[in-house]
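Numbering (mature numbering (1 follows the signal peptide of the UniProt record, and there is no 0)), first residue to last: -21 to -1, 1 to 99.
In this text, a Cβ means the ideal position worked out from N, Cα and C, and glycines have one as well.
The block underneath contains the structure these notes are about, expressed in structure tokens.
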Amino acid sequence: MKKLLAGFMLLIVLLAGCSSGSDFEITLREAPKYKAGESYPVVIEVMKDGEPVDGLEFAAYLEMAKMDHGTIELNFEDKGNGVYESSVELPMGGEWIANIEGESDGSAFEHVITFEVEKE
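In structure tokens form, the structure reads like this:
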């Protein structure tokens, strides 16, 4: 179990290292909440040099940080002014990790966000 946890932490560090090459500043503006059978919005903001970035296509792959509930793929819709939105029905609250992957002008980008999902 310790080896699995150590391997997972190494993967997170490597993915975070990949995101440092991106010029995008990606922040979670609205984290989803948890309530059984309910879907909640996930809102992400993307900026570059302090300006909103529109027209990106990307996905986020959600995983629970300390439990195995598999991976949930989210595709985001461009809402304009650097804001992107999706929705998700999560299996439980707690600490989650979003691995964001996309492409801009022929270059791939990755970013990792860790966030807390509160039970509603």
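8 Å CB neighbourhood of residue i in its chain, flanking five on each side removed
i, result
"E17", "E68 and E99"
Rounded distance between the beta-carbons of residue j and residue i, thought under 8 Å
i, j, result
"D57", "G34", "6 Å"
"residue 152", "I23", "The shown model of the chain, from -21 to 99, leaves out residue 152, and the question about it has no answer."
Per-residue DSSP class, three states only, for residue i
i, result
"residue 101", "Residue numbering for the chain in the displayed model covers -21 to 99; residue 101 lies beyond these limits and cannot be assessed."
"G(-1)", "With a pLDDT of 47 at G(-1), under the threshold of 50, the modelled position of that residue is not reliable, and the figure given next carries that caveat. In this structure, G(-1) counts as coil in the three-state DSSP scheme."
"A77", "strand"
"V91", "strand"
"E99", "coil"
Check whether residue i and residue j have beta carbons under 9 Å apart
i, j, result
"E89", "P20", "no"
"W75", "L53", "no"
"V32", "S83", "yes"
"A77", "V62", "no"
"I79", "A44", "no"
"G81", "F37", "yes"
Same chain, Cβ closer than 7 Å to residue i, neighbours up to 5 away in sequence not counted
i, result
"G72", "Y13, V96, E97 and K98"
Residues near residue i in its chain [Cβ-Cβ closer than 6 Å; skip 5 each side]
i, result
"H48", "P70"
Beta strand (DSSP E) runs wholly inside the stretch 28 to 74, at least 3 long, in chain order: 36 to 43, 51 to 54, 56 to 59 and 62 to 67
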